[in-house]
Structures are given as structure tokens and as C-alpha cells.
Amino acid sequence: MLLSLLWDNERNNVLHLAGYQARQHVLDLSSGAVLLMQRVYAAITVPGGSNGEDGLPIFSKEKVFIVFAILDALALLSSISEVLAALSIFTSWYAVMDFLYALLKRLINWPVSDILFSNKHDASL
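Below, the structure is given as C-alpha cells:
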């Protein structure tokens, strides 16, 4: 039954078509996550600047800055996990049946981990 689902009405291999169309989407997602990682990493020293004497951020003793730093670290961790998940799906080599099970498991775990570990703040504001 599962093997009959691998072919569409025109006898095209559905996995091949999905993989061909998904490659560009995965590359778009991973490049967006890499750009977010770059922005988060650059934004960690922006609020208030740094002290000239010891190089620490001026607001390093403020509670708001500590919350900002924690949320920036979570955003960086989320972006790194997105890139690694996309690359693991993009570069995996499985047999067809193993690929179906592994892909389903990864596609379920990927959005769940993204929702749990991503923060939706804009560090540049």
C-alpha cells in the first residue's frame, strides 16, 4: 500500500519530485536562519555600547540587559538548530522506506522544537 503512494497518476516518483522541489525551500530556510544568526551575534553589543575601560557592556548590571542577552542566546541556539535540522534532512542518504520514516520523524520534531525554543523578539529595536 505504501509503495503505491510513491507514484502519482502520471507514474512519476513522488519522492523524487518532492525532493527536487524541496531543495530550494530548504536552502531558503537555512540561509534565512544563517542571516538571523549573524544579526543576533552582531546585536549582542548594540544596546548602550561598551565601557572603554574594561570592555563590558554599559548595561551589563541591568536586569533588562540580562533578559536581552538570554533571549539573544536562545535565538542563536534556535537558528543553529534550524540550520542543522535543514542540513541533516538535505544531506541524508537513506533507503526509500527508511527515508520516509526518518523524514516524518524529523518533520514532526523540527517545528515542535522551533516553537519551543524560538523567541519572536526583534533584537534590532
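Residues 775 to 899 (this note's numbering) are what the sequence shown spells out, left to right.
Where is the CB? At the ideal position from N, CA and C, for every residue including glycine.
Between the alpha carbons of K837 and Y875, how many angstroms are there, rounded?
The straight-line gap from Cα to Cα measures roughly 45 Å.
Could you check if S853 is buried or exposed, using at least 16 other CB atoms within 10 Å of its CB as the buried criterion?
The residue in question, S853, is buried, as its Cβ has 16 or more Cβ neighbours within 10 Å.
CB of G826 within 8 Å of CB of F833, strictly:
Their beta carbons are not under 8 Å apart, which means G826 does not touch F833 by this criterion.
Go ahead and label D846 buried or exposed: buried means 16 or more other beta carbons lie within 10 angstroms of its beta carbon, across all protein chains shown.
A residue is called buried when at least 16 other Cβ atoms come within 10 angstroms of its Cβ; D846 meets this threshold and is buried.
Quick check on this structure: which residue in D872, V841, R880 has the alpha carbon closest to the alpha carbon of L861?
For the residues D872, V841, R880, the minimum Cα distance to L861 belongs to R880.
Reduced DSSP secondary structure (H/G/I, E/B, other) of S834:
S834 falls in the coil class under three-state DSSP.
Taking just the CA atoms, how far does I882 sit from S856?
The displayed chain sequence assigns Glu, not Ser, to residue 856. Using only the alpha carbons, I get a separation of about 13 Å.
Rounded to whole angstroms, what's the CA-CA distance from D872 to L858? Just pull it up for me.
Whole-angstrom Cα-Cα distance: 20 Å.
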